[in-house]
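In full-length UniProt numbering, the protein residues as written are 1 to 202. Single-structure report; data block below.
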Ligand code: VGL
Ligand code: ZN
């Protein structure tokens, strides 16, 4: 059984949003077209409290995209984004949500960031996504969404580690940084993820 995982297709990650991924809105028509091909569609949602530790604004004198240490973990500082209950945290209005059966929210702990839909960045706490998928009989996980080099990448890595077969639908993702994505892709290929074109899924 295969599941489609829609990662963080939220207003703040598309052009005009607080942490816009270049071309991020281009993933939406494909994400919609892919959904009917799957028996199970699940979404993740970046869902930070105001003042989250990953926000540059929480660190006086620091700027977005600088590196820091957050309670012992390396952390990129981001513009304030996906604050719980704000329009930026909503799914993009063009995303078809009718077939999404479950939504896993992440990044809720103010002291810890969470790129993956499965675990926080310290791998301390599970979101329950892996058990949910196993409970539904899923063995193959297909990934689409934003951003290819952060939340999609870390979700793919954890999915592999959790024993799922992983299919990365490259055209249905966009990256914050092209170089970052090249590294992410090489790492995922080496770990056994498969990169597939959308028309291989249809
Ligand atoms: C993301 C940076 C910070 C993502 C989330 O969804 O890729 N990136 N928070
Ligand atoms: Zn975030």
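Using N, Cα and C, we set each Cβ at its ideal position, and we do this for glycine too.
Residue 74: member of the beta strand (DSSP E) spanning 73-76, first to last residue. Spatial neighbours of residue 70 in its own chain (CB-CB distance under 8 Å, excluding positions within 5 residues in sequence) are listed in chain order as 53, 54, 111, 112, 113. Residue 104 is a Cβ neighbour of residue 129, given a cutoff of 7 Å. By alpha-carbon distance to residue 95, the top candidate from 6, 198, 181 is 6. By the Cβ-count criterion, residue 98 is exposed, with fewer than 16 other Cβ atoms from all chains shown falling within 10 Å of its own Cβ. A contact between stretches requires three or more CB pairs, one per stretch, nearer than 8 Å, and the stretch 158-172 fails this requirement with the stretch 55-67. Contact check for residue 157 and residue 124: beta-carbon distance about 16 Å, past the 8 Å limit, so the pair fails to qualify. By the 16-neighbour rule on beta-carbons within 10 angstroms, residue 17 is buried. The DSSP-derived three-state label of residue 5 is strand.
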